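Asker: Residue numbers (our numbering): 5 to 186.
By construction, the Cβ of each residue, glycine as well, lies at the ideal position given by its N, Cα and C atoms.
Fair warning: this is a prediction, and the values are worked out from it, not measured in the lab.
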């Protein structure tokens, strides 16, 4: 079995790569695979990396905070993405650039830095905090994974909803206009 640190880094790298690959650009097609791929990634992450979520106490609170942070991060990501219809195909497309990539990189980088730091920079302080609050390291890892998955799912579901609500492109009216009567 992979260490908790390795698990967290695999999740971080997978989410960042998947999101940036699918979202960055001017006219990224929004089709079934673009929506389905992140859902499959999320579906694979949960059973692979979370043995049994905590169901009480501070550990549960941390997991719920992770979900809430992921929802907020996903909504922020959606705010940085434009969804519209392609003028050439009429199909839904999105546009995301530097600010979008920066948001994802900062969020995932901060999560990775915390994971790394918990093993190498501040393990004794974290152990003391965990003992004082009766939290396991697994609950912290679960919270970080739930954050990643919630952010990914919020962004994906929001993208799908925004694409489905786009008005159809209107075709210019090419009928001749009646001449003005004087």
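1. Roughly how far, in whole angstroms, is the beta-carbon of residue 15 from the beta-carbon of residue 152, given that I think they are within contact range, below 8 Å?
2. From 36, 11, 60, pick the residue whose C-alpha is nearest to that of residue 168; which is it?
3. Measure the Cβ-Cβ separation of residue 158 and residue 12 and say whether it is below 8 Å.
4. What are the boundary residues of the alpha helix (DSSP H) that includes residue 96?
5. How many Å lie between residue 28 and residue 136 at the Cα?
6. Which residues share a DSSP beta bridge with residue 70?
7. Is residue 22 near residue 45, with beta carbons less than 8 Å apart?
8. Is the beta carbon of residue 160 sitting closer than 8 Å to the one on residue 39?
9. In the DSSP assignment, find the unbroken beta strand (DSSP E) run with residue 162 in it and report its ends.
10. So what does residue 88 bridge to, in DSSP terms?
11. Is it the case that the Cβ atoms of residue 63 and residue 143 are separated by a distance below 8 Å?
12. In terms of DSSP beta bridges, what is residue 32 paired with?
13. DSSP on residue 64, reduced to helix/strand/coil?
14. Using the beta-carbon count (16 or more within 10 Å), is residue 86 buried or exposed?
15. In terms of residues, what are the limits of the alpha helix (DSSP H) holding residue 6?
16. Are residue 120 and residue 43 closer than 8 Å when you measure CB to CB?
Answerer: Quick answer:
1. 5 Å
2. 36
3. no
4. Counting along the chain, residue 96 falls outside any alpha helix (DSSP H), though it belongs to the beta strand (DSSP E) covering 96-100.
5. 43 Å
6. Answer is none; residue 70 lacks a bridge partner.
7. yes
8. yes
9. That residue, residue 162, is in no beta strand (DSSP E); its alpha helix (DSSP H) goes 141-168.
10. 97
11. yes
12. 98
13. helix
14. exposed
15. Counting along the chain, residue 6 falls outside any alpha helix (DSSP H), and DSSP gives it neither H nor E.
16. no
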